[in-house]
Amino acid sequence: MTYWWVNQNQTWRDEIFGEYLWSPKLDAKGRHTHFYDNMTRLRSGDIVLSHFNGALRYAGVVESPAISDRKPDFGFRGSNWSDDGWTVRMRFIELTSPVKPQDELALYLQVAPERFGPMNSQGRVNQQYLFEVPAILGTQYLGAAGLNEDAVKSAVRYDPTIERLVQDAEEVLTDPELTPTEKHVLATARVGQGMFKEQVRRFEPFCRITGLSDSKYLIASHMRPWRDSNNAERLDGHNGLLLSPHVDHLFDRGLITFKNSGQPVISIQVNSTVPELWNLDLNRQGKRFSLEQVPYLEYHRDVIFRDNQLPRTRSHLESDGEVAGL
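The sequence shown begins at 16 in the working numbering and counts up by one.
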């Protein structure tokens, strides 16, 4: 695991909230630079400290290595940058106490590399993009913010198994002995649920009916089904719930759904003994669904749920206080 320092004065909002790093491959004169080439050295699990407005303000964990990608829409910022660049997927958390690296200048001068360091001997920040920093320095910066490596990875819910899932799926897809159908089935089984489940867990950490939070025993269920979703919706964590297997069985078949308030609703088609025998707490008042989740949930209620007792029109939803925000 390696520590990095990234300067994001112009693009921090785009990159932090978009959960990525991006740099051109070449400088304005068409040459390779150490600070852009560093993007290709980032590895899953590396920690990146984000510097802007005079301080280290976020810590991020690398999700996956760099891929070749076109420049995002930064508006007028970065207008001189080439369109051809590197993208690295990230997860960030904000440091509750921003760290001024000049406060640790004594340690920096002892351990910083002779070349390609993020600051000079007077503590002035070098205006390049991405720098490797010694582990002892990265640890010191995190410690000044009251964090350590494990705390950062826990906060962003970094799971190294995701990268292994992707690698396993890539092996399946390049196996010449498999038919296209076999590749599809195996790759979907290996990585589809894993990646989607990890995204869902960020917004839905437990089953809304049973309260179980151990994800090993939960299924990531789409509100708007896979078959009815585009590629972005298929992996959007807002489009899912983590459910206990027996609850997923009902939800997937449209026999149970939820109001925007979080209250569960069971179909009249369900045998009346099922909730009691399966120990389903239908009076459980869960948290209200977010604005991003509501369109997916409304699709499930309107299209998948097998019951005609729930209101379907927006006017009815508004009268029942079921439109998001009401």
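Every residue, glycine too, gets a C-beta built ideally from N, C-alpha and C.
Asked, Found
"Rounded C-alpha distance that separates W101 from S259", "39 Å"
"Three or more C-beta pairs below 8 Å linking the region 48–67 and the region 86–99", "no"
"The region 237–251 in contact with the region 274–294 per 3-pair CB rule at 8 Å", "no"
"With 16 other Cβ atoms within 10 Å as the buried cut-off, status of L233", "buried"
"Which of helix, strand or coil DSSP assigns to I31", "helix"
"Short Cβ contact (8 Å threshold) for R265 with S230", "Before going further, note that residue 265 is Leu rather than Arg in the sequence given. It is not a contact, given that the beta carbons lie outside the stated cut-off."
"Residue range of the unbroken alpha helix (DSSP H) whose run includes Y73", "Per DSSP, Y73 belongs to no alpha helix (DSSP H); it is in the beta strand (DSSP E), A70 to V77."
"Q324 classed as buried or exposed, judged by whether at least 16 other C-beta atoms fall within 10 angstroms", "Note that Q324 has pLDDT 48, beneath the 50 cutoff, so the model's placement of it is unreliable and the number below is only indicative. Classification for Q324: exposed."
"Reduced DSSP category for G100 - H, G, I as helix; E, B as strand; rest coil", "strand"
"Helix, strand or coil at D52 according to DSSP, with G and I counted as helix", "helix"
"R72 and P113 closer than 8 Å at C-beta", "yes"
"For S276 and N211, the rounded distance between their alpha carbons", "According to the sequence shown, residue 211 is Phe rather than Asn. C-alpha separation (whole angstroms): 24 Å."
"Beta strand (DSSP E) runs contained entirely in the region 136–168, provided each spans 3 or more residues", "145–148"
"Boundaries (first-last residue) of the beta strand (DSSP E) holding F273", "I271 to F273"
"Reduced DSSP secondary structure (H/G/I, E/B, other) of V285", "coil"
"Integer Cβ distance of F146 from I31, believed to fall under 8 Å", "In fact, because the Cβ distance is near 18 Å, the residues do not count as touching under 8 Å."
"Of the residues A74, S65, M105 and D98, the one placed nearest A81, counting alpha carbons only", "M105"
"Beta-carbon proximity list for P128, same chain, < 8 Å, skipping 5 on both sides", "E147 and P149"
"Nearest-angstrom Cα separation, counted from A170 out to I281", "35 Å"
"CA-to-CA distance, L227 to T272, given in whole angstroms", "18 Å"
"When V76, Y314 and L297 are compared against S244, the one with the closest alpha-carbon", "Y314"
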